[in-house]
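Enquirer: Handing you this structure, nothing more for now.
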Amino acid sequence: MAIVKVENLTKLYKEVKALDHVSFEFEQGILSFLGPSGCGKTTLLRSIAGLEAPDGGAISIADEVQTSVEQGIFVPPYSRKIGFVFQNYALWPHMSVYHNVAFGLRLRKMPEAEIKRKVASTLELVGLQGKAERFPSQLSGGQQQRVALARSLALEPRLILLDEPLSNLDAKLREEMRVELKKLIKKVGISALYVTHDQDEAFSISDAVIVMDSGKVLQYASPDEIYNHPAHPFVASFVGHSTLVDGQVVGVENGHCRVVVPEFGGATLIFPASRQPTPGVPCKVVIRTGEIRLSPEKFPEGTDNVLEGLMTSREFRGGLTDHRVQVGSKEIVVTSHKLCPMIRVGGDGAKTFLAIDKSAISVIVAQ
Amino acid sequence: MDLSSLPLSRSGPTARWNSIKLALRQGTLVPLLASAIAGAAIISPVLVVLWRSFTTGRLGFTVGLNLTNYLRVFGDRDILPMLGNSIFYAAGAAALGTGLGAMLAWIVARTNTPGKALVELMPLYPILMPPIMKNIAWILLLAPRSGILNGILQQFFGVETLVFNAFTMAGMIWVFGLACVPLGYLFLLPVFLSFDPSLEESAYIAGSKPVSTMLKITFPLAVPALLSAFVLNFLRGLRSFETPVLQGTPGNINVFVSRVYDSMALEFNTGLATAYSVVLVLLSVATLYFYVRATRFSERYATITGKGYRVKVIDIGPWKYLTFLAVFLYFLAGIVLPFVVLIVVSMIPYYDYETFMNFPANAVLNNYYTVMKHPSFVTGLYNSLVLSVTIALVTVLAGIVMAFTIYRTRSYGTKLFEFIGTLPLAFPPLVLSVGLVIIFIGTPIYNSLWALGLGLFVAYFPYAFRNASGSIVNIHKELDEAAWVHGARWRHVFFKITLPILKPSVGGALFYIFIEAIRNVDVAVLLTSPGMEYGPVTLFEYFRVGQWAEAAAGGVIYLIILIVAVSIAKFAFKMKFSL
């Protein structure tokens with residue numbers, strides 16, 4: 002059983018395609034929608050909740066059709082049995098924490114004694130015991146966040162939707178809440194759809210990630226797969242910490258792929274090929290900046306993927322240092338940890354050798 | 018991410034049918050229906066006025082579509098003087114009121130005038146006094162032969178010429194101009210209070226002295242707000258009823274409103290009345306257009322931010338006593354003097370100058386007994402109380418429902434509702450009541466409070482509607498959506514989320530409409546009949562037939578009721594006082 006199934010979902014705002022034939026299926030766990038603002042991820046989430054009416058396509062939750070433009074089906078949001086945590090929490094300011102959480106239970110005509118028990122246990126679950134009589138304005142951002150979560154969880158929804166729930170918190174609190182949120186969702190055992198523009202958040206919290214841009218799904222895979230083998234240049238650049246260069250596949254043998262990069266002065270790179278590109282096709286080569294060694298001297302004979310360049314500048318970032326190295330006509334950024342021996346490379350303008358680890362390279366073949 | 022922007026534009030029968038289905042599923046049919054009913058009530062008198070203006074014949078009979086009425090209106094030799102009078106009167110009163118209000122606002126906000134707490138409130142008290150009472154009091158003061166001020170000049174200073182005359186253009190502008198002051202004050206006060214001080218400081222640094230800074234920086238930046246207040250006061254002048262009828266008509270100064278009234282009340286010629294009305298409406302629409310332009314223009318002057326600046330108070334030296342005097346004089350002219358005159362007149366056996374000056378030696382309470390025993394006053398008072406409370410409740414609720422429909426549901430026709438909800442602003446209340454008279458005459462409703470109630474509803478709906486729209490737009494839409502996804506239907510959203518959050522502004526609107534309705538003359542004057550009196554109209558009639566002392570006594574009773582209502586609202590509901 003798929004908890005969510007989306008088929009050919011399309012949504013137009015005037016002439017702009019907010020969603021462009023989006024299709025995917027998700028079994029269970031936590032699924033993140035990752036992308037820049039305006040990529041359609043929030044529209045997708047709101048369409049699943051029934052807050053937006055799409056112009057085409059269908060949505061099912063737990064194998065029940067909720068929206069289908071073609072069949073003329075639209076289940077209103079109040080009947081979808083889902084939870085929704087809004088970016089700005091959307092707590093009702095005129096109700097206490099207790100009444101915020103009890104709101105949906107009351108609408109289900111649950112007996113008052115049972116409501117009381119349910120609210121108490123949910124507040125305890127999110128760590129807000131003793132705060133039931135407070136009003137939203139008397140709570141901190143993190144506490145408001147928990148109330149919003151409790152309000153949804155109390156209804157025991159089939160699915161919980163979270164729209165950038167941590168973006169209004171400060172950086173330190175955000176990391177704490179991220180860990181806690183994941184723990185909580187796993188503990189309750191509910192499936193969740195999670196919208197974010199922060200790749201660290203998406204990677205750490207979810208079982209699967211959908212990267213979106215301009216209303217299209219670019220890649221749907223596990224966090225590991227998306228980081229190590231981005232399927233689209235946009236995914237590679239958005240996921241970050243990598244350099245993209247144009248190349249050409251020259252050969253595939255023994256599970257290894259060789260590409261020539263003109264921008265590196267025609268240097269050849271070799272790396273394990275996860276996909277099997279045809280020799281001769283043009284491609285994009287993705288090189289992750291954290292997996293490159295630097296040295297003032299030549300690397301020993303037989304080292305793979307050695308390049309030669311000139312150090313142009315360095316940016317000290319505390320635990321990490323970014324080195325900008327001019328290789329051929331391309332400037333690439335190499336990030337080094339302060340414990341790495343290669344920190345002792347020459348100053349600006351010094352001749353520098355680079356050895357790119359095989360695992361740091363992946364290839365995207367243009368369609 | 019607008020829920021209301023459903024695929025209207027994207028045609029195709031499937032899409033259209035689906036979105037209708039979505040609207041039904043959202044359960045928005047009930048608010049949609051309620052809004053449609055309110056909209057129909059608003060638009061029908063408007064359409065009737067338009068239609069009637071193109072027909073001739075007695076009531077109940079229609080003789081074809083023709084331009085007879087317009088030919089008569091525009092063929093009238095007096096049309097141009099009347100147009101001139103209308104504009105001159107409205108502009109004069111607006112200029113006087115707005116200018117005075119702006120000056121008071123500047124004094125209160127920017128100078129070290131002593132007694133600030135008192136000075137701040139003084140310009141607001143005159144709002145309490147119903148316009149009809151101001152007119153009565155000022156006519157008593159300024160009447161040429163029997164007036165108090167001319168009498169004093171003659172008795173104590175031996176001035177034989179009649180200096181003051183209430184029944185002139187100057188007299189009209191003076192009385193209505195005073196009534197325009199509070200609006201000017203309320204528009205300009207926030208501008209002067211939230212003025213970014215760095216704008217003035219940079220002028221000082223550039224070498225400008227305080228006075229030239231004031232003239233070159235402060236006042237020019239207040240121009241947009243000044244313009245808005247002026248145009249709005251001009252509009253009020255065009256629609257005002259009491260001053261033109263009580264002061265203009267006796268002095269043979271006709272404006273459109275008084276001509277509409279005369280055509281209905283004296284000639285009973287609905288075709289002519291509606292034709293004059295249409296001209297008046299066109300004038301109002303043009304004014305409203307300027308108002309929209311003026312407010313849009315003011316957005317370019319967005320120097321007034323929401324940041325809580327503490328404006329610098331300017332030390333104006335000994336001038337501060339003069340400014341205090343100015344505020345105090347306005348307070349005297351705005352409420353104290355008229356009020357004292359009314360109280361005295363209400364307690365003397367009858368009004369003439371000698372009897373007035375003999376007070377308090379001849380004080381009696383006769384007039385109060387007479388008035389309280391007079392059935393037309395007692396029913397009028399009762400009706401106005403009951404009706405204004407009911408109308409305030411109904412109008413405010415309907416305004417919220419319509420605003421909710423427009424901004425919070427997936428409904429069709431929201432643009433149309435917005436138009437209809439604002440439409441009565443362009444229609445002077447007297448014109449609306451002309452439409453209602455035409456609709457209801459001959460039916461049992463004409464002799465009931467229903468017609469009057471409907472008239473008041475239509476006249477005050479735009480205030481309720483605009484108030485509710487402004488507040489609903491400010492409520493985060495996600496608060497509604499959070500309720501939707503957690504199991505609420507429209508009625509739950511409306512009654513448990515929207516209405517409770519709106520509570521403060523609902524209170525203000527209720528109170529405002531109550532105060533306005535209970536002293537209304539211009540809607541009620543054509544819709545009352547013997548046995549179905551309305552308090553303020555009764556006072557109006559008393560005054561017109563010369564029962565001045567009774568009119569004054571009734572007015573004092575009214576004012577006491579209003580003051581009690583304001584105090585209850587202020588202390589019981591802790592309501593903030595604003596327009």
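So the protein sequences, as listed, match chains A and B. When we follow our numbering, the leftmost residue of the first sequence carries the number 2, and every step to the right adds one. When we follow our numbering, the leftmost residue of the second sequence carries the number 18, and every step to the right adds one. Cβ coordinates follow ideal geometry from the N, Cα and C atoms, glycine included.
#1: So does the stretch 25-37 of chain A actually touch the stretch 212-232 of chain A, counting three or more Cβ pairs closer than 8 Å?
#2: Note down, one range per segment and in chain order, each alpha helix (DSSP H) of at least 4 residues found wholly within the stretch 163-217 of chain B.
#3: Output the distance between the C-alpha atoms of B/L305 and B/L359, rounded to the nearest integer angstrom.
#4: Let me see if you follow: with CB-CB separation under 9 Å, is A/P77 close to chain B or not?
#5: Count the other CB atoms within 10 Å of the CB of B/A282; is the residue buried (16 or more) or exposed (fewer)?
#6: Starting from A/G57, trace the beta strand (DSSP E) both ways and give me its first and last residue.
#7: Leaving out the 5 sequence neighbours to the left and right, which residues in its chain are closer than 7 Å to B/I190 when beta-carbon positions are compared?
#8: List the DSSP bridge partners of B/V357.
#9: Quick check on A/D235 - is its C-beta less than 9 Å from some C-beta in chain B?
#10: Would B/A187 be called buried (16 or more neighbouring beta carbons within 10 Å of its own) or exposed?
#11: Are the C-beta atoms of A/L170 and some chain B residue less than 9 Å apart?
#12: Can you tell me whether B/N127 is buried or exposed? The criterion is at least 16 other CB atoms within 10 Å of its CB, across all chains shown.
#13: Report back the beta-carbon spacing between A/V335 and A/I293 to the nearest angstrom; my notes put them in contact at under 8 Å.
#14: Should A/Q88 be flagged as near chain B, meaning a C-beta pair shorter than 9 Å?
#15: DSSP on B/P147, reduced to helix/strand/coil?
#16: Considering only residues of the same chain and omitting the five flanking positions on each side of A/Y99, which have a CB-CB separation below 7 Å?
#17: Within 9 Å of any Cβ in chain B, is that where the Cβ of A/L116 sits?
#18: If you reduce the DSSP assignment to three classes, tell me which class B/A378 lands in.
#19: Ordered along the chain, which non-local residues of its own chain (more than five positions away) have a Cβ less than 8 Å from that of B/S61?
#20: Short of 8 Å Cβ to Cβ, which residues in the stretch 493-517 of chain B face chain A?
#21: For the stretch 546-554 of chain B against the stretch 387-401 of chain B, do three or more pairs of beta-carbon atoms, one drawn from each stretch, fall closer than 8 Å, so that the two count as touching?
#22: Nearest to A/R81 by CA position, among A/N169, A/S153, A/L182, A/V250, is which residue?
#23: With contact counted as at least three CB pairs below 8 Å, one residue from each stretch, are the stretch 350-360 of chain A and the stretch 300-314 of chain A in contact?
#24: Considering Cα atoms alone, identify which of B/S257, B/G268, B/P267 is closest to B/V274.
#25: For A/Q72, does the three-state DSSP call read helix, strand or coil?
#26: From this set, A/P94, A/A103, A/F27, A/P280, which residue's C-alpha is nearest A/L140's C-alpha?
#27: Comparing C-alpha positions only, which one of B/L244, B/T387, B/L496 sits nearest to B/K513?
#28: Exposed or buried, A/D164, counting other C-beta atoms within 10 Å across all chains shown (16 or more means buried)?
#29: By Cβ distance, which residues of its chain are closer than 8 Å to A/G256, with the 5 residues on each side in sequence left out?
#30: Does any C-beta atom of chain B lie closer than 9 Å to the C-beta of A/L92?
#31: Under 8 Å Cβ-Cβ, which residues of chain B neighbour A/G41?
#32: What are the uninterrupted segments assigned as alpha helix (DSSP H) that are 4 or more residues long and contained completely in the stretch 303-343 of chain A, given in chain order?
#33: List the residues of chain B whose Cβ lies closer than 7 Å to the Cβ of A/G105, in chain order.
#34: Using a 10 Å radius around the Cβ and a threshold of 16 neighbouring Cβ atoms, would you call A/D225 buried or exposed?
#35: Report the partner residues of A/H257 according to the DSSP bridge assignment.
#36: Using the beta-carbon of each residue, which ones in chain B are nearer than 8 Å to A/I83?
Expert: In this structure, then:
#1: Yes, the stretch 25-37 of chain A is in contact with the stretch 212-232 of chain A.
#2: Secondary structure within the stretch 163-217 of chain B: the alpha helix (DSSP H) runs of 4 or more consecutive residues, fully enclosed, are 165-174, 186-210 (chain order).
#3: On the second sequence, residue 305 of chain B is found 288 positions in, with the first residue counted as 1. On the second sequence, residue 359 of chain B is found 342 positions in, with the first residue counted as 1. Cα to Cα, B/L305 sits roughly 36 Å from B/L359.
#4: Along the first sequence, one-based indexing puts residue 77 of chain A at 76. Judged by the 9 Å Cβ criterion, A/P77 is in contact with chain B.
#5: Along the second sequence, read from residue 1 onward, the residue named residue 282 of chain B stands at position 265. The residue in question, B/A282, is exposed, as its Cβ has fewer than 16 Cβ neighbours within 10 Å.
#6: Position 56 of the first sequence, counting from 1, holds the residue named residue 57 of chain A. Unbroken beta strand (DSSP E) run through A/G57: 57-62.
#7: Against the second sequence, residue 190 of chain B aligns to sequence position 173. Contacts found: Y106, G109, A110, L113.
#8: On the second sequence, position 340 is the one that residue 357 of chain B refers to. Residue pairing by DSSP places B/V357 in no beta bridge whatsoever.
#9: For the purposes of this step, residue 235 of chain A is taken as residue 234 along the first sequence, with counting starting at 1. The sequence as given places Phe at residue 235 of chain A; Asp does not occur at that position. Closer than 9 Å: no.
#10: On the second sequence, residue 187 of chain B is found 170 positions in, with the first residue counted as 1. Classification for B/A187: exposed.
#11: Here residue 170 of chain A refers to the residue found at position 169 of the first sequence. By this cut-off, A/L170 is not an interface position.
#12: Taking the second sequence and counting its residues from 1, the one referred to as residue 127 of chain B is at position 110. According to the sequence as given, residue 127 of chain B is Arg; it is not Asn. Flag for B/R127 reads buried.
#13: Counting from 1 along the first sequence, the entry for residue 335 of chain A is found at position 334. Counting from 1 along the first sequence, the entry for residue 293 of chain A is found at position 292. About 5 Å separates the CB atoms of A/V335 and A/I293; that is less than 8 Å, so the two are in contact.
#14: In the first sequence, residue 88 of chain A corresponds to position 87, counting from 1. It does; some Cβ of chain B falls within 9 Å.
#15: Position 130 of the second sequence, counted from the start, is the residue given in the question as residue 147 of chain B. Here B/P147 carries a coil assignment [DSSP, helix/strand/coil].
#16: The residue you call residue 99 of chain A lines up with position 98 of the first sequence. The beta carbon of A/Y99 is closer than 7 Å to those of V120, A133, E134 in its chain, skipping five residues each way along the sequence.
#17: Locating residue 116 of chain A in the first sequence gives position 115, where the first residue counts as 1. Reading off the sequence shown, one finds Ile at residue 116 of chain A, where the question assumed Leu. Using beta-carbon distances, A/I116 does not count as an interface residue toward chain B, since no partner is under 9 Å.
#18: Position 361 of the second sequence, counted from the first residue, corresponds to residue 378 of chain B. Here DSSP, grouped into helix, strand and coil, assigns B/A378 to coil.
#19: By 1-based counting over the second sequence, the position of residue 61 of chain B is 44. Correct list, in chain order: G452, I456.
#20: Residues H493, E495, L496, E498, A499, A500, W501, V502, H503, G504, A505, R506, H509, K513, I514, P517.
#21: Counting Cβ pairs under 8 Å, three or more are found: they touch.
#22: Here residue 81 of chain A refers to the residue found at position 80 when the first sequence is read from its first residue. Of the candidates A/N169, A/S153, A/L182, A/V250, the residue whose Cα lies closest to the Cα of A/R81 is A/S153.
#23: Three or more beta-carbon pairs drawn from the stretch 350-360 of chain A and the stretch 300-314 of chain A are found closer than 8 Å, and the two stretches are therefore classed as touching.
#24: Taking the second sequence and counting its residues from 1, one reaches residue 274 of chain B at position 257. Of the listed residues, the one whose Cα sits closest to B/V274 is B/S257.
#25: As a first step, residue 72 of chain A is located in the first sequence; it is residue number 71 there, counting from the start. Coil.
#26: Numbered from its first residue, the first sequence carries residue 140 of chain A at position 139. Per the Cα distances, A/P94.
#27: By one-based count along the second sequence, residue 513 of chain B stands at place 496. Of B/L244, B/T387, B/L496, the residue nearest in Cα terms is B/L496.
#28: Here residue 164 of chain A refers to the residue found at position 163 when the first sequence is read from its first residue. Answer is buried; the Cβ neighbour count reaches 16.
#29: Translated into positions along the first sequence, residue 256 of chain A becomes position 255. Only P273, A274 meet the Cβ criterion.
#30: Walking along the first sequence from the start, residue 92 of chain A turns up at place 91. So, interface residue.
#31: To locate residue 41 of chain A, count along the first sequence from 1; it is residue 40. By Cβ distance, chain B contributes nothing, its closest Cβ being about 11 Å from A/G41, past 8 Å.
#32: Runs found: none.
#33: Numbered from its first residue, the first sequence carries residue 105 of chain A at position 104. Under a criterion of Cβ atoms nearer than 7 Å, the residues of chain B adjacent to A/G105 are, in order, H503, G504.
#34: In the first sequence, counting from the first residue as 1, residue 225 of chain A sits at position 224. Around the CB of A/D225, fewer than 16 other CB atoms lie within 10 Å, so the residue is classed as exposed.
#35: Working through the first sequence from its first residue, we reach residue 257 of chain A at position 256. Residue pairing by DSSP puts A/H257 in a beta bridge opposite A/E254, A/P273.
#36: Here residue 83 of chain A corresponds to residue number 82 of the first sequence, with the count starting at 1. Within chain B, the residues near A/I83 are V502.
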